[in-house]
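A.B. asks: My structure is below; once you've seen it, I'll send some questions.
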Amino acid sequence: MSLTTFGKRELPLNVSVFPKGSARWHLDWFGPVSFPDRGGLNTSPSIRVQLSRIDEAHESLHPQPRRLIKHVHVTVRTMMILGLGDIWSNGFLVCRNQRERVTFENVPISPKTVRLVKTGTSLSPGNFLLPADEHPWHMQHTHSYCAEVTMADGRHLVIPCPVLLRFYFGSSSALLAKLFRPDLKRTDLGMGWSKSPDGRAVFLRLGAAMPGPSAEDIARILLNKPAWAAANLVRQSCLEASVRNETAYFRSTFPFEGSTTLEVQGVWVSREGHANRTFVVHEIHSCTAPFPFQTLRYRLLATGSRTSQREAPRKSALQSHATTPTTSEQVLRTSQGPRAPELHERDASLNLSPATAFIQARRKFKDLEHKTVYAWKETPLVPPTFRKAKTKEANDAFTLADQGSAARVRGLTLAESRTVSYFHPPPPFLSPYLQELKQLTHLNTQVVTIDAVDGWTVPMPPRKLGAKKILRACVISVECRHLFATVIIPDCSPTSALVYADLIVRDDDELQQLLERVPADLRKQLLLGAQTVAVGSGMSSSSSGPDQAASSPVLTATLNRHFL
Numbered sequence: 003m004s005l006t007t008f009g010k011r012e013l014p015l016n017v018s019v020f021p022k023g024s025a026r027w028h029l030d031w032f033g034p035v036s037f038p039d040r041g042g043l044n045t046s047p048s049i050r051v052q053l054s055r056i057d058e059a060h061e062s063l064h065p066q067p068r069r070l071i072k073h074v075h076v077t078v079r080t081m082m083i084l085g086l087g088d089i090w091s092n093g094f095l096v097c098r099n100q101r102e103r104v105t106f107e108n109v110p111i112s113p114k115t116v117r118l119v120k121t122g123t124s125l126s127p128g129n130f131l132l133p134a135d136e137h138p139w140h141m142q143h144t145h146s147y148c149a150e151v152t153m154a155d156g157r158h159l160v161i162p163c164p165v166l167l168r169f170y171f172g173s174s175s176a177l178l179a180k181l182f183r184p185d186l187k188r189t190d191l192g193m194g195w196s197k198s199p200d201g202r203a204v205f206l207r208l209g210a211a212m213p214g215p216s217a218e219d220i221a222r223i224l225l226n227k228p229a230w231a232a233a234n235l236v237r238q239s240c241l242e243a244s245v246r247n248e249t250a251y252f253r254s255t256f257p258f259e260g261s262t263t264l265e266v267q268g269v270w271v272s273r274e275g276h277a278n279r280t281f282v283v284h285e286i287h288s289c290t291a292p293f294p295f296q297t298l299r300y301r302l303l304a305t306g307s308r309t310s311q312r313e314a315p316r317k318s319a320l321q322s323h324a325t326t327p328t329t330s331e332q333v334l335r336t337s338q339g340p341r342a343p344e345l346h347e348r349d350a351s352l353n354l355s356p357a358t359a360f361i362q363a364r365r366k367f368k369d370l371e372h373k374t375v376y377a378w379k380e381t382p383l384v385p386p387t388f389r390k391a392k393t394k395e396a397n398d399a400f401t402l403a404d405q406g407s408a409a410r411v412r413g414l415t416l417a418e419s420r421t422v423s424y425f426h427p428p429p430p431f432l433s434p435y436l437q438e439l440k441q442l443t444h445l446n447t448q449v450v451t452i453d454a455v456d457g458w459t460v461p462m463p464p465r466k467l468g469a470k471k472i473l474r475a476c477v478i479s480v481e482c483r484h485l486f487a488t489v490i491i492p493d494c495s496p497t498s499a500l501v502y503a504d505l506i507v508r509d510d511d512e513l514q515q516l517l518e519r520v521p522a523d524l525r526k527q528l529l530l531g532a533q534t535v536a537v538g539s540g541m542s543s544s545s546s547g548p549d550q551a552a553s554s555p556v557l558t559a560t561l562n563r564h565f566l
């Protein structure tokens, strides 16, 4: 069963338009894109999904005679949780694709080896790309598109375009929706981006409503021409079909060129009478193609923050919309316990604030396992609290569409669970300091960076403190009225904290400059024998160092001297 994280709860998602009852349904194929219900769902296009009821007397993994087929429409955003070959019952996912899993090495991806073809393509008289008797699931959508890859040994991979889209751009429902916008622009995905002089580090400002888990995909789209072409082809192919008044089966392709290793799942079919010459991919599990960066630092677009960036420049520019999963948890809590959230096919309410939920990532990019990705995101040390919802106000109706109706259906964004939230426990070296900071209720205390390692720290520049390297540090901003400070807590022994009074870090360059200072400031601190010190303000004051030690409790005392 597929579990979705709402706050601290894991609940199964229910797709309300899928068939009800105890029968099991096989997800056969993806159909065309359209707007089937302009009255109820006008903010997002839908894709037709073909389901076939499983005859329990037959093996569900193989073609079955006399299948009962049903077509339903779901928003294109829902593709994030739908996989070919998955089994559904009563609107719930009950079994993932169980077909053969194969690894193909040295798969060549180039314009010469990859072509986009319709699934009903005839190779020669009486021979089709996908033989109907071996692969019947596509037969009602023979005009849908696949990417056919010719490998060096003469075998072929056939990958449906929705499968490519889900794997390479399916990090969030918001990103999938953007790619179908007819007026898609690069700034819809990223408001700005820059590279370090050596091209290894990238800083990215995500576009409106783009969640952090999509940062890697968006960085590749914006920095890599083949990736932008693949992303842009989605909306372009839909527009072309609309102009020609044809059924809109969208096209997409690989977002890179070069050799890769693919771990995929699907079925072998024959090719012009030769058995097992074509592998039809129903799910991609991993890809080794490189991303165009070594380090990615991204910032979420500041929306709904308590401080506008147009205010005094001394105010923090790190304000960003921080999703509060507890909102969703509150909505789903009733006197009968948590209920499974239902996804409805209609526009979201204009009167209900949107929510975000996380699903377990099914995609795996080997290249990212050895690269650093982290975000600028203000995360409260003390999560916001909400009143317990009354039973009569509880609402389990959600939609992945945008706001545009008065119905009591809450908008929902789905994102991969690689992003770590403040609900994860902090590393041991941080715990004593965080306990102190939580007592400072008169101060606004925020963790300003977050990454997928532990959700609390960022990597340090390669510098040594004595014989040991400091690998990571926690960066915390503290504000009260017109005063502010930055606290750096490095992962080192003995544990220490540095308080940079009157200093607020506004961007990634300033953060890197500050982190460069940390080892030298720590050495001065150790000479004083203090656990926490206040450091002179000013980024340009590279010669400034610890000017006073703090008494116990050290961190709170140091901050109180500055703010009170």
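Our numbering numbers the first residue of the sequence shown as 3 and each following residue consecutively.
Even for Gly, the Cβ is constructed at its ideal location relative to N, Cα and C.
For clarity, every value in this text was computed on a predicted model and none was experimentally measured.
#1: Taking the CB atoms as reference points, tell me whether Gly-192 and Leu-181 lie closer together than 8 Å.
#2: Please list the terminal residues of the continuous alpha helix (DSSP H) segment that includes Tyr-300.
#3: Using C-beta distances below 7 Å, list every residue in its chain close to Leu-235, excluding the 5 sequence neighbours before and after it, in chain order.
#4: Under a three-way DSSP split, which group does Lys-187 fall into?
#5: Under the three-state reduction of DSSP, which class applies to Thr-558: helix, strand or coil?
#6: Check whether the segment 216 to 226 touches the segment 79 to 86, taking contact to mean three or more Cβ pairs, one atom from each stretch, closer than 8 Å.
#7: For His-28, list the residues DSSP reports as bridge partners.
#8: To the nearest whole angstrom, what separates the beta carbons of Asp-504 and Phe-486, a pair I think is in contact under 8 Å?
#9: What's the gap between the Cα of Pro-133 and the Cα of Gly-275?
#10: Does Asn-99 come out as helix, strand or coil in the three-state DSSP assignment?
#11: Looking at Pro-463 and Glu-418, is the spacing between their C-beta atoms short of 8 Å?
#12: Could you give the distance in angstroms between the alpha-carbon of Leu-131 and the alpha-carbon of Gln-52?
#13: Expressed to the nearest angstrom, what Euclidean distance is found between the alpha-carbon atoms of Leu-178 and Ala-211?
#14: Can you give me the Cβ contacts of Arg-55 inside the same chain, cut-off strictly under 6 Å, excluding the 5 residues immediately before and after it?
#15: Answer with buried or exposed for Phe-37, where buried requires no fewer than 16 other C-beta atoms within 10 angstroms of its C-beta.
#16: Taking Glu-136 as the reference, which of Thr-105, Trp-378, Arg-279, Pro-110 has the closest Cα?
#17: Specify whether the segment 364 to 372 and the segment 286 to 297 touch according to this definition: at least 3 beta carbon pairs, one from each stretch, less than 8 Å apart.
#18: With DSSP as the reference, label Ile-361 as helix, strand or coil.
#19: Near Arg-183, which residues of its chain fall below 8 Å by C-beta distance, leaving aside the five closest residues on each side in sequence?
#20: Please confirm whether Val-449 and Val-282 have their CB atoms less than 8 Å apart.
#21: Please classify Val-119 as buried or exposed, where buried requires at least 16 neighbouring CB atoms within 10 angstroms.
#22: Tell me the DSSP secondary structure of Ala-2 in three-state form.
#23: How should Leu-352 be labelled, buried or exposed, when 16 other C-beta atoms within 10 angstroms of its C-beta is the threshold for buried?
#24: To the nearest angstrom, report how far apart Pro-14 and Gly-128 are at their CA atoms.
#25: From which residue to which residue does the alpha helix (DSSP H) around Val-507 run?
#26: List the endpoints of the continuous beta strand (DSSP E) containing Val-74.
#27: Buried or exposed for His-101, please, with buried defined as at least 16 other CB atoms from any protein chain shown within 10 angstroms of its CB.
#28: Sort Phe-295, Val-116, Phe-431, Thr-144 by Cα distance to Ser-124 and report the nearest one.
#29: Can you check which of these residues, Pro-294, Glu-248, Asp-185, is closest to Asp-200 by C-alpha distance?
#30: So for Cys-476, helix, strand or coil by DSSP?
#31: Using the Cβ count rule (16 or more neighbours within 10 Å means buried), how would you classify Val-74?
#32: Shorter than 8 Å from the beta carbon of Leu-235 to some beta carbon of chain C?
#33: For Arg-273, count neighbouring C-beta atoms within 10 Å of its own C-beta (all shown protein chains included) and say buried if the count is 16 or more, exposed if not.
#34: The beta strand (DSSP E) with Glu-418 in it runs from where to where?
#35: Note the first and the last residue of the continuous alpha helix (DSSP H) segment covering Cys-163.
#36: Please determine whether the Cβ atom of Phe-367 lies at a distance below 7 Å from any heavy atom of the ligand PLP.
C.D. replies: Looking at the atomic coordinates:
#1: Position 190 of the sequence shown, counted from the start, is the residue given in the question as residue 192. Position 179 of the sequence shown, counted from the start, is the residue given in the question as residue 181. Contact: no.
#2: Within the sequence shown, numbered from 1, the residue matching residue 300 stands at position 298. For Tyr-300, no alpha helix (DSSP H) run applies; the uninterrupted beta strand (DSSP E) run containing it begins and ends at 297 to 301, by DSSP.
#3: Residue 235 sits at position 233 when you count from the first residue of the sequence shown. Excluding sequence positions up to five before and after Leu-235, its CB lies within less than 7 Å of the CB of Arg-253, Ser-254, Thr-255, all in the same chain and listed in chain order.
#4: One-based indexing of the sequence shown puts residue 187 at position 185. Of the three classes helix, strand and coil, the one that applies to Lys-187 here is coil, per DSSP.
#5: Locating residue 558 in the sequence shown gives position 556, where the first residue counts as 1. Note: Thr-558 maps to helix in three-state DSSP.
#6: Flag = no, the segment 216 to 226 and the segment 79 to 86 do not touch.
#7: Reading the sequence shown from its first residue, position 26 is the one you call residue 28. Bridge pairing for His-28: Ser-54, Ile-89 [DSSP].
#8: Within the sequence shown, numbered from 1, the residue matching residue 504 stands at position 502. Within the sequence shown, numbered from 1, the residue matching residue 486 stands at position 484. With a Cβ gap of about 7 Å, Asp-504 and Phe-486 count as contacting.
#9: In the sequence shown, counting from the first residue as 1, residue 133 sits at position 131. In the sequence shown, counting from the first residue as 1, residue 275 sits at position 273. Rounded to the nearest angstrom, the gap between the Cα atoms of Pro-133 and Gly-275 is 10 Å.
#10: Here residue 99 refers to the residue found at position 97 of the sequence shown. Three-state result, Asn-99: coil.
#11: Residue 418 sits at position 416 when you count from the first residue of the sequence shown. Residue 463 sits at position 461 when you count from the first residue of the sequence shown. Not closer than 8 Å, so no.
#12: In the sequence shown, residue 131 corresponds to position 129, counting from 1. In the sequence shown, residue 52 corresponds to position 50, counting from 1. Cα to Cα, Leu-131 sits roughly 20 Å from Gln-52.
#13: For the purposes of this step, residue 178 is identified with residue 176 of the sequence shown, where counting begins at 1. For the purposes of this step, residue 211 is identified with residue 209 of the sequence shown, where counting begins at 1. Rounded to whole angstroms, Leu-178 to Ala-211 spans 12 Å at the Cα level.
#14: Taking the sequence shown and counting its residues from 1, the one referred to as residue 55 is at position 53. The residues are Ala-25, Trp-27, Leu-70.
#15: Counting from one through the sequence shown, the residue named residue 37 turns up at place 35. With fewer than 16 other Cβ atoms within 10 Å, it is exposed.
#16: One-based indexing of the sequence shown puts residue 136 at position 134. Considering only Thr-105, Trp-378, Arg-279, Pro-110, the residue with the shortest C-alpha distance to Glu-136 is Arg-279.
#17: Because the criterion of three Cβ pairs below 8 Å is met, the segment 364 to 372 and the segment 286 to 297 touch.
#18: The residue labelled residue 361 in the question sits at position 359 within the sequence shown. Shown here, Ile-361 sits in a strand according to DSSP, grouped into three states.
#19: Here the question's residue 183 lines up with position 181 in the sequence shown. Around Arg-183: Asp-190, Arg-237.
#20: Taking the sequence shown and counting its residues from 1, the one referred to as residue 449 is at position 447. Taking the sequence shown and counting its residues from 1, the one referred to as residue 282 is at position 280. Taking a C-beta distance under 8 Å as the contact criterion, Val-449 and Val-282 do not qualify as a contact pair.
#21: Stepping through the sequence shown from its first residue, residue 119 is reached at position 117. In summary, Val-119 is exposed, with fewer than 16 beta-carbon neighbours lying within 10 Å of its beta-carbon over all protein chains present.
#22: Past the boundaries of the shown model lies residue 2; the chain is included only from 3 to 566, so the question cannot be answered.
#23: The residue labelled residue 352 in the question sits at position 350 within the sequence shown. The residue in question, Leu-352, is exposed, as its Cβ has fewer than 16 Cβ neighbours within 10 Å.
#24: Numbered from 1 along the sequence shown, position 12 holds the residue referred to as residue 14. Numbered from 1 along the sequence shown, position 126 holds the residue referred to as residue 128. Using only the alpha carbons, I get a separation of about 45 Å.
#25: The residue labelled residue 507 in the question sits at position 505 within the sequence shown. Element bounds for Val-507: n/a, residue is neither H nor E.
#26: Here the question's residue 74 lines up with position 72 in the sequence shown. For Val-74, the enclosing beta strand (DSSP E) stretches over residues 71 to 77.
#27: In the sequence shown, residue 101 corresponds to position 99, counting from 1. Here residue 101 is Arg; the residue named in the question, His, does not match the sequence. Residue environment analysis places Arg-101 among the buried positions, since at least 16 neighbouring C-beta atoms fall within 10 angstroms of its C-beta.
#28: Working through the sequence shown from its first residue, we reach residue 124 at position 122. Measuring from the Cα of Ser-124, the nearest candidate turns out to be Thr-144.
#29: Translated into the one-based positions of the sequence shown, residue 200 becomes position 198. With distances taken between Cα atoms, Asp-200 lies closest to Pro-294.
#30: Taking the first residue of the sequence shown as 1, we reach residue 476 at position 474. Strand at Cys-476.
#31: Here residue 74 refers to the residue found at position 72 of the sequence shown. Taking all protein chains shown into account, Val-74 has 16 or more neighbouring C-beta atoms within 10 Å of its C-beta and is therefore buried.
#32: The structure shown contains no chain C, having only a single protein chain.
#33: Looking up residue 273 in the sequence shown gives position 271. Buried: at least 16 other Cβ atoms inside 10 Å.
#34: For the purposes of this step, residue 418 is identified with residue 416 of the sequence shown, where counting begins at 1. Element bounds for Glu-418: 412 to 418.
#35: As a first step, residue 163 must be located in the sequence shown, where it is residue number 161. Run containing Cys-163: 163 to 171, per the alpha helix (DSSP H) assignment.
#36: The ligand PLP is not part of the structure shown, which contains no ligands of any sort.
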